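Asks:
In our numbering, the protein residues as written are 10 to 399.
What follows is the structure in structure tokens.
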């Protein structure tokens with residue numbers, strides 16, 4: 010985390026508190042699925058899902074959730090499990106002695122709590138939440154920056170901010186143009202796999218599968234070890250990559266698609282409005298509008314994802330999209346192409362801007378500011394903070 014915002018944000022997990030909001034009618038008195046509240050810190054959502062699937066001896070896909078929550082934060086979200094699999098309320102913390110039962114989450118160590126809250130007649134799926142309530146603590150705030158934040162809060166509450174995908178979407182991207190999924194689309198399966206493993210492990214024994222397995226055995230996920238054992242048995246890279254869980258393979262697709270969407274929005278804003286560029290991860294840039302002359306139109310603008318079914322509400326946006334495809338050498342034959350067991354470039358659309366609700370300054374100390382606000386599902390608090398500190 011090298012961006013300027015982390016001088017002010019996420020200095021400890023308590024600085025970034027997220028509470029998921031379910032639709033009002035989701036909980037039922039009866040249903041085939043049990044709904045649990047999951048509170049966690051210093052763990053990703055997928056790490057907890059994998060732990061629970063091993064504990065219950067079920068597939069991770071049988072545990073429903075509405076969204077991935079930040080690892081370095083205190084987050085509360087909901088999961089669903091078929092009612093035939095019994096799970097008592099418990100809290101676990103990871104210490105030097107391994108996982109131990111605790112009374113509540115630990116502030117500085119990986120930990121989580123599970124609590125049954127009701128039932129549902131359907132499992133949770135990605136995007137089923139209404140949104141999230143964020144309570145953010147910003148530190149090292151001097152007088153001038155504090156004044157700027159208050160000014161920006163007033164502007165954002167009226168005119169919102171550009172609804173870019175945040176860095177959490179790009180965990181599988183190691184460097185600026187190193188998209189695992191693009192390698193797969195180009196049929197460079199080994200290069201994509203090498204990039205994936207290089208994010209966490211040394212590649213000095215890549216290709217010597219027995220030695221490579223020994224290198225990662227004590228720290229790798231079970232499916233990563235299974236993949237390497239498959240290569241050791243002589244599986245092709247194409248067959249071995251399918252050992253990765255489908256949600257991991259989908260994340261590669263989403264990361265690449267989200268980057269192209271971000272670039273479409275950035276170019277659209279920069280060609281149409283006065284703007285300011287802000288640094289993002291991997292030396293990427295985000296462009297935020299400073300003035301808007303057609304706010305009602307922008308407020309309702311939806312930008313399609315890179316997919317086969319493209320519906321552009323205006324010519325300018327269509328031209329920008331074509332420019333992005335050209336800039337990054339995206340081939341139209343990749344649309345709907347099946348690769349590594351999934352279809353590339355999911356169809357859909359996303360709001361161009363996000364307008365936070367219920368923004369409130371909770372407390373203000375000498376160099377510290379605590380803010381609470383609600384964002385609709387799919388919008389990122391880290392992007393909001395970038396705009397706030399701009």
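Beta carbons are placed, not taken as given, at the ideal position from N, Cα and C, and that holds for glycine. Bear in mind the structure is a predicted one, so any value in this text is a computation, not a measurement.
Per DSSP, what kind of secondary structure is residue 313 in: helix, strand or coil?
Replies: On the chain shown, position 304 is the one that residue 313 refers to. Here residue 313 sits in strand by DSSP.
Asks: Residues in its own chain within less than 6 Å of residue 330 by CB, not counting five upstream and five downstream?
Replies: Counting from 1 along the chain shown, the entry for residue 330 is found at position 321. So the qualifying residues of the chain are 273.
Asks: Within a Cβ cutoff of 8 Å, which residues of the same chain sit near residue 282, ignoring the five residues on either side of it in sequence?
Replies: Here residue 282 is taken as the residue at index 273 of the chain shown, counted from 1. For residue 282, where only same-chain residues beyond five positions count, the Cβ hits under 8 Å are 298, 299, 300, 301 and 302.
Asks: Under the three-state reduction of DSSP, which class applies to residue 390: helix, strand or coil?
Replies: As a position in the chain shown, residue 390 is number 381, starting the count at 1. Helix at residue 390.
Asks: Which residues share a DSSP beta bridge with residue 110?
Replies: Position 101 of the chain shown, counting from 1, holds the residue named residue 110. Beta-bridge pairing links residue 110 to 101.
Asks: Residue 20 by DSSP, collapsed to three states: which one?
Replies: Here residue 20 refers to the residue found at position 11 of the chain shown. Reduced to three states, the DSSP call for residue 20 is coil.
Asks: Please classify residue 10 as buried or exposed, where buried requires at least 16 other C-beta atoms within 10 Å of its C-beta.
Replies: Here the question's residue 10 lines up with position 1 in the chain shown. For residue 10, the predicted model reports a pLDDT of 40, less than 50, meaning its position is unreliable and no value from the coordinates is stated.
Asks: Answer with buried or exposed for residue 267, where buried requires no fewer than 16 other C-beta atoms within 10 angstroms of its C-beta.
Replies: If you number the chain shown from 1, residue 267 lands on position 258. Answer is buried; the Cβ neighbour count reaches 16.
Asks: Tell me whether residue 108 is buried or exposed, calling it buried when 16 or more other Cβ atoms sit within 10 Å of its Cβ.
Replies: As a working mapping, residue 108 is identified with position 99 in the chain shown. Flag for residue 108 reads exposed.
Asks: Do residue 180 and residue 44 have their beta-carbon atoms positioned less than 9 Å apart in this structure?
Replies: Here residue 44 corresponds to residue number 35 of the chain shown, with the count starting at 1. Here residue 180 corresponds to residue number 171 of the chain shown, with the count starting at 1. Not a contact, by the Cβ cut-off of 9 Å.
Asks: Decide if the region 336 to 351 is in contact with the region 117 to 127; the criterion is three or more beta carbon pairs, one per stretch, under 8 Å apart.
Replies: Short answer: they don't touch.
Asks: Confirm, please, whether the CB-CB distance from residue 232 to residue 257 is below 9 Å.
Replies: For the purposes of this step, residue 257 is taken as the residue at position 248 of the chain shown. For the purposes of this step, residue 232 is taken as the residue at position 223 of the chain shown. Cβ distance < 9 Å, so residue 257 and residue 232 count as in contact.
Asks: Could you check if residue 78 is buried or exposed, using at least 16 other CB atoms within 10 Å of its CB as the buried criterion?
Replies: One-based indexing of the chain shown puts residue 78 at position 69. Buried is the call here.
Asks: Do residue 396 and residue 381 come within 9 Å of each other at the CB atom, strictly closer than that value?
Replies: Your numbering for residue 381 matches position 372 in the chain shown. Your numbering for residue 396 matches position 387 in the chain shown. Contact flag unset, no.
Asks: Any idea if residue 394 is buried or exposed, counting beta-carbon neighbours within 10 angstroms, 16 or more meaning buried?
Replies: Here residue 394 refers to the residue found at position 385 of the chain shown. That one is buried.
Asks: Judging by CA-CA distance, which residue of 23, 324, 42 and 167 is the nearest neighbour of residue 308?
Replies: The sequence position of residue 308 within the chain shown is 299, counting from 1. The shortest Cα separation from residue 308 among 23, 324, 42 and 167 belongs to 167.
Asks: One question on the structure: do residue 296 and residue 312 come within less than 9 Å of each other, judged by their Cβ atoms?
Replies: The residue you call residue 296 lines up with position 287 of the chain shown. The residue you call residue 312 lines up with position 303 of the chain shown. No, Cβ-Cβ distance for residue 296 and residue 312 is not below 9 Å.
Asks: I want to know whether the region 373 to 393 touches the region 126 to 141 - three or more CB-CB distances under 8 Å.
Replies: Result yes; three or more Cβ-Cβ pairs closer than 8 Å.
Asks: Applying the 10 Å Cβ sphere with the 16-neighbour rule, what's the burial state of residue 86?
Replies: Taking the first residue of the chain shown as 1, we reach residue 86 at position 77. Label assigned to residue 86: buried.
Asks: If you follow the beta strand (DSSP E) that residue 49 is in, where does it begin and where does it stop?
Replies: For the purposes of this step, residue 49 is taken as residue 40 along the chain shown, with counting starting at 1. 42 to 50 is the extent of the beta strand (DSSP E) around residue 49.
Asks: Comparing alpha-carbon positions, which option in 238, 147, 310 and 47 lies nearest residue 29?
Replies: Residue mapping note: residue 29 aligns to position 20 of the chain shown, counting from 1. Considering only alpha carbons, the answer is 47.
Asks: Considering only DSSP beta bridges, list what residue 385 is partnered with.
Replies: Taking the chain shown and counting its residues from 1, one reaches residue 385 at position 376. Paired residue(s): 140.
Asks: Does the pairing of the region 56 to 75 with the region 147 to 155 give three or more beta-carbon distances under 8 Å?
Replies: Contact between the region 56 to 75 and the region 147 to 155 is absent, because fewer than three Cβ pairs lie under 8 Å.
Asks: Taking a contact to mean a Cβ-Cβ separation below 9 Å, would you say residue 129 touches residue 37 in this structure?
Replies: What you label residue 129 is simply residue 120 of the chain shown in a count that begins at 1. What you label residue 37 is simply residue 28 of the chain shown in a count that begins at 1. Taking 9 Å as the Cβ cut-off, residue 129 and residue 37 qualify as a contacting pair.
Asks: Taking the alpha-carbon of residue 345 as reference, which of 103, 332, 356 and 261 has the nearest alpha-carbon?
Replies: By 1-based counting over the chain shown, the position of residue 345 is 336. When each option's Cα is compared against that of residue 345, the closest is 356.
Asks: Based on Cα-Cα distance, which residue from 65, 333, 371 and 76 lies nearest to residue 136?
Replies: Here residue 136 corresponds to residue number 127 of the chain shown, with the count starting at 1. Measuring from the Cα of residue 136, the nearest candidate turns out to be 76.
Asks: Going residue by residue through the region 332 to 391, where are the continuous beta strand (DSSP E) segments of at least 3 residues, counting only ones entirely within it?
Replies: The qualifying runs are 358 to 360, 366 to 373 and 377 to 385.
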